[in-house]
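Note that full-length UniProt numbering has the sequence shown beginning at 1, numbered continuously upward. Ideal Cβ placement from N, Cα and C applies to all residues, glycine included. Encoded as structure tokens, the structure appears first; notes follow it.
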Amino acid sequence: MRRSVDGVLLVHEHSLPHVLLLQIGTTFFKLPGGELNPGEDEVDGLKRILTETLGREDTPRGQWIVEDTIAQWWRPNFDPPRFPYVPAHVTKPKEQTKLFLVQLPDKAFFAVPKNFKLVAAPLFELYDNSAGYGPLIASLPQILSRFNFLYNYS
1 MRRSVDGVLL
11 VHEHSLPHVL
21 LLQIGTTFFK
31 LPGGELNPGE
41 DEVDGLKRIL
51 TETLGREDTP
61 RGQWIVEDTI
71 AQWWRPNFDP
81 PRFPYVPAHV
91 TKPKEQTKLF
101 LVQLPDKAFF
111 AVPKNFKLVA
121 APLFELYDNS
131 AGYGPLIASL
141 PQILSRFNFL
151 YNYS
């Protein structure tokens with residue numbers, strides 16, 4: 001079974017939580033993440049993928065503080081749709097995707113690949129907007145509602 005991980009990176013703009021997304025073209029958005037190597041630990045793999053995708057050459061792997069597993073999504077076959085559960089008729093799913101909450105330091109610098117654009121999408125824009133972001137990203141406001149965000153007002 002293929003295993004993949006995605007990182008949910010939160011930033012705060014105007015006292016509202018925003019999720020960092022990678023935009024490809026004008027209409028496709030994805031969370032930073034990717035496929036794990038065979039036998040690779042999920043947290044170490046996510047740190048490796050985040051460093052490869054968004055890290056600069058001088059970025060230490062310690063910049064990425066992986067907190068909690070916040071969701072699991074399953075792909076019953078290699079078609080694009082993913083489900084937040086294993087469908088009843090599926091005995092061997094083809095892919096498991098785990099979403100992790102990643103805490104960022106107060107200041108972080110990213111090196112975004114040329115074919116991507118890094119965008120900060122507010123949770124209220126993601127909510128109930130699976131047509132624009134897909135079901136996985138549109139479910140993030142419900143998933144993150146169990147957390148209480150503390151803001152530092154300076």
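Taken in chain order, the complete beta strand (DSSP E) segments of 3 residues or longer contained in the UniProt domain "Nudix hydrolase" (1 to 126) are 2 to 13, 16 to 24, 28 to 30, 33 to 35, 65 to 75, 95 to 103, 117 to 122. Cβ atoms of residue 16 and residue 122 come within 8 angstroms of each other, at about 5 angstroms. Taking the C-beta atoms as reference points, residue 102 is found no nearer than 7 angstroms to residue 23. Here the C-alpha atom of residue 55 lies approximately 31 angstroms from the C-alpha atom of residue 128.
Residue 132: member of the alpha helix (DSSP H) spanning 130 to 133, first to last residue. In this structure residue 70 touches residue 143 by the C-beta definition: roughly 5 angstroms separates them, less than 8 angstroms. Rounded to the nearest whole angstrom, the C-alpha separation of residue 36 and residue 3 is 6 angstroms. Between residue 126 and residue 140, the beta carbon gap of about 6 angstroms places them in contact (Cβ cut-off 8 angstroms). Note on residue 150: under 16 other CB atoms within 10 angstroms of its CB, so exposed under the neighbour-count rule. 95 is the residue among 67, 95, 63 whose C-alpha sits nearest the C-alpha of residue 74.
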